Amino acid sequence: MTKLFLEVGALAMCALPVLGALDVWSDASIRLGGCPDLNGNGLIDQGEVLDVLHGGDLAHANHQSFATKARSAIPAGYRDDLYATNLLVNCVTEGVERNQDCLYLSQSLKIDETTTPSTTNFYSQSLKLPLKLVGENYSAVIRFRRDLSCPGVQTVFIHLGYDSTGNGVGLMGLLSPDGIITLKAGGSTDAAGEKVLGGNTWVPDPTLEPNNNYSRYHDGTWADFGIVVNGRKVRCYWSPETGPCRWFDADFSDVTLDKMYNDTSSGSLRLGGHKWLGGPMAWENQTKSVIDKGGAFRGAVALFGVWNRCLSDCELVAALANGGPALFRVGVEGRTAEMCGGDETAGTVTLTAGDASLRAASARLAPGGALEIPFTVHARNAGLGQLLRLLPASDGKSAFYLDGKLLAERIDVQPRAWRDVWVGGTALTEGAHTAKIVNAGSTTLAWDAVELTGSFNHQPGMLNGTEKYAACDSTKRKYFGEQEGRAISDAFAADGGWFDFLHSPQPPGTNGGTAVRPFRLHWALPARMKRRYAWNLRLRLDNAGCTAKWRVGLNDAVVMAARVIGESETIELPLASAALNWSGDNVLTLTTDDTAASGIVIREVGLVMERPQSGTIMVLR
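Letter by letter, the sequence shown follows residues 293 to 913 in the numbering used here.
Okay, structure coming up:
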């Protein structure tokens, strides 16, 4: 018998070798993001501050953080300072809010009414991590909320091996009571040993908010901070809930100290203060020098991570953006087996964007077992085609579903080779969705990462489709505006909170200025996608009366020659694979050399993936 099987418009799938790590967390030293009360005593003890990168092994050395405190017993009237609490966290760079377990350092307060006047005391502690910094190059990120500051005292919000003995080593970040950030190199007596980030940008601007500055930290709000140390050169990313993100650079080359890292037992990675921290101390009856010695931080930490290398700007933002601009990403390439502690299962494993779901999840699916990932499509990304992608850790077969509808069945998978299924934009409407991947084979299927990615669309100056140029949205974050001097030119595709970026590039001469204010978009593409997919750049622009000729550049190439932008114009430009950077950051620029009375307005900017070419399969039997 001869059987003719004809499949037209076959699903676009491909097995490609992993040519380079996409996930910035794949080589991180530690990632704190969960504090289960394993012994049920209501406190966080040694072994209960978990490194989620090793969450499947509760005996791992990275879980052995412990509280340093100058006491043998909790004094009457105080509670232990270190505990876990579930909070609504504004994941600032990611652009979302979600409930998650956080580490809380209470630095317990007690008011002594027997003194005249009454004295407010605190009993302090810090958390010492079981790691040391190695070498001249390292990076760190932290997401925190300070709830109370001591008048006149700087708070240690990040401690990177700081030690003032000898010539001094390490670095720490300090917050003043009024929200100014200072970096301090260990042991330096030079004035240059303390670098105030921002310089004159910290001067209060009453036009934005009375008696406060648009970039200052405000107690009781969330903030993201990233730092990259390259020898004596330091680069910082600052993104508070109440102001726009900023980049700052500091140079410690002129400072007298041993080194900017600490690989000895004298210094350490810490949260909540530095090594002299201990109590009790009094905020009112002790001298500032005594209080300042500990720099006690009272508040919550939702995320902390460290790398023994320098991250790029794109990587630093991506580390805080939880896989953005992907609609979702779960797992970490090469490390998910260590992150998951659940037994092999034939049931359904539900995964979320946070860290907590992975610790109890299984990295091994028995036949019929499934991964289920709920996610939300924002209005700005609705209707864009994406790839549902699986990185297996074993041979097998898998089936792909979206919202209960089969996309592909019994797809052959191989370890460390991504498999992709195209998801058309018509299926990705605004709102809640569920992706599902099922083990469709007869043997155990191990998985390493799952993501939905490919296209993105951002709207500078917009929040959920509403213009937010003129004021602060107090429920989310950021100032924007017509305050163009407050917006930054460099935007990152990974950042989910785009409403603080420059929405109106300016030609030279605008408002009496002499320099062009361009718009620059940064994003990274995984090398494994090279030669397989194509994208179109989508720009929606308003002329706003500008007569200047604007051009679009990609890396070192010009993709749109200089011309005047129409009154309301949508531009789609194909991006040639040869013009893309597959080993680092891509940079798109929108700029002009002309002078004009005004700038243009960016309404939307995005990268739209084209549907991969379908094939035809003919089988003769």
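Positions of the beta carbon are idealized from the N, C-alpha and C atoms, including for glycine.
In this text, all values refer to a predicted model and were calculated from it rather than measured experimentally.
Quiz prompt | Exposure label - ALA732; buried when at least 16 CB within 10 Å | solution = That one is buried.
Quiz prompt | Backbone CA spacing between LYS424 and LYS525 [nearest angstrom] | solution = Roughly 20 Å between the two C-alpha positions.
Practice problem: Within 10 angstroms of the Cβ of ALA477, are there 16 or more other Cβ atoms? Answer buried if so, exposed if not. | Solution: Answer is buried; the Cβ neighbour count reaches 16.
Exercise. Kindly indicate which three-state DSSP category ASN835 falls into: helix, strand or coil?
Key: Coil at ASN835, not helix or strand.
Exercise. Starting from MET552, follow the alpha helix (DSSP H) in both directions and report where the run begins and ends.
Key: Per DSSP, MET552 belongs to no alpha helix (DSSP H) and is neither H nor E.
Exercise. Determine contact between the segment 379-392 and the segment 610-627, defined as no fewer than three beta-carbon pairs at a distance below 8 Å.
Key: The answer is yes - the segment 610-627 touches the segment 379-392, with three or more Cβ pairs under 8 Å.
Practice problem: Output yes or no for whether 9 Å exceeds the beta carbon distance between LEU699 and PHE620. | Solution: Between LEU699 and PHE620, the C-beta gap is not smaller than 9 Å, which leaves the two residues out of contact.
Quiz prompt | C-alpha distance - VAL344 paired with ARG627, whole-angstrom precision | solution = Between VAL344 and ARG627, the alpha-carbon positions lie close to 10 Å from each other.
Quiz prompt | Sequence-distant residues of the same chain with beta carbon closer than 6 Å to GLN798, five excluded per side | solution = Around GLN798: ARG809, GLY891.
Quiz item: Mind checking whether ASP877 and ALA819 have CB atoms under 9 Å apart?
Solution: It is not a contact, given that the beta carbons lie outside the stated cut-off.
Self-check item: Helix, strand or coil at GLY898 according to DSSP, with G and I counted as helix
Solution: Residue state for GLY898 is assigned as strand, using DSSP reduced to three classes.
Practice problem: Quick one: using the 10 Å Cβ neighbour count with 16 as the cut-off for buried, is GLU864 buried or exposed? | Solution: Answer is exposed; the Cβ neighbour count stays below 16.
Quiz item: Do ARG435 and ALA515 have their C-beta atoms closer together than 9 Å?
Solution: Cβ atoms of ARG435 and ALA515: closer than 9 Å.
Practice problem: Look at the Cβ atom of SER398, then the Cβ atom of THR360, and state whether they are nearer than 9 Å. | Solution: No. Outside cutoff.
Practice problem: Could you tell me the distance, in whole angstroms, from the CA atom of GLY773 to the CA atom of VAL893? | Solution: Confidence at GLY773 is low in this model, with a pLDDT of 37, below 50, so the placement of that residue should be treated as unreliable; the coordinate-derived value is given next. If you take the alpha carbons of GLY773 and VAL893, they lie about 12 Å apart.
Self-check item: Cβ neighbour criterion (16 or more within 10 Å) applied to ASP541
Solution: Classification for ASP541: exposed.
Quiz item: For ASP695, which of PRO666, ALA376, VAL705 has the nearest alpha-carbon?
Solution: Considering only alpha carbons, the answer is PRO666.
Practice problem: Would you decide whether LEU467 is buried or exposed? Buried here means 16 or more other CB atoms lie within 10 Å of its CB. | Solution: Flag for LEU467 reads buried.
Quiz item: DSSP beta-bridge partners for ASN914?
Solution: No answer is possible for residue 914: it lies beyond the span of the chain, which begins at 293 and ends at 913.
Quiz item: Secondary structure at CYS537, three-state DSSP: helix, strand or coil?
Solution: Here CYS537 carries a coil assignment [DSSP, helix/strand/coil].
Quiz item: Around the Cβ of SER545, are there at least 16 other Cβ atoms within 10 angstroms (buried) or fewer (exposed)?
Solution: Answer is exposed; the Cβ neighbour count stays below 16.
Quiz item: Using CA coordinates, which residue listed in GLU636, ARG895, GLY444, PRO617 is at the minimum distance from TRP739?
Solution: Closest in C-alpha terms to TRP739, from the list GLU636, ARG895, GLY444, PRO617, comes GLU636.
Quiz item: Closest by CA to ASP687, which one among THR735, ASN429, SER654?
Solution: Selected option, being the one with the closest Cα: THR735.
Quiz prompt | 3 or more residues per run - each beta strand (DSSP E) lying fully within the segment 616-657 | solution = Runs of the beta strand (DSSP E) lying entirely within the segment 616-657, each at least 3 residues long, are 620-622, 640-642 in chain order.
Exercise. Measure the Cβ-Cβ separation of ALA854 and ASP834 and say whether it is below 9 Å.
Key: Their beta carbons are not under 9 Å apart, which means ALA854 does not touch ASP834 by this criterion.
Quiz item: Rounded C-beta distance between VAL280 and LEU679? I'm assuming under 8 Å.
Solution: Residue 280 falls outside the range modelled here, since the chain spans only 293 to 913, and no answer is possible.
Practice problem: Kindly indicate which three-state DSSP category VAL609 falls into: helix, strand or coil? | Solution: Of the three classes helix, strand and coil, the one that applies to VAL609 here is helix, per DSSP.
Quiz item: In terms of residues, what are the limits of the beta strand (DSSP E) holding SER531?
Solution: In the DSSP assignment, SER531 falls within the beta strand (DSSP E) that extends over 525-532.
Exercise. Determine which residues share a DSSP beta bridge with LEU419 and list them.
Key: Residue pairing by DSSP puts LEU419 in a beta bridge opposite ALA359, LEU563.
Quiz item: By a C-beta neighbour count over all protein chains shown, 10 Å radius and 16 as the cutoff for buried, is ARG508 buried or exposed?
Solution: Looking at its Cβ environment, which holds 16 or more other Cβ atoms inside 10 Å, ARG508 is buried.
Self-check item: Residue(s) in a DSSP beta bridge with LYS424
Solution: Looking at the DSSP output, LYS424 shares a beta bridge with no other residue.
Exercise. Compute the Euclidean distance between the alpha carbons of CYS602 and ARG681, then round it to the nearest angstrom.
Key: In a straight line, the C-alpha of CYS602 is about 28 Å away from that of ARG681.
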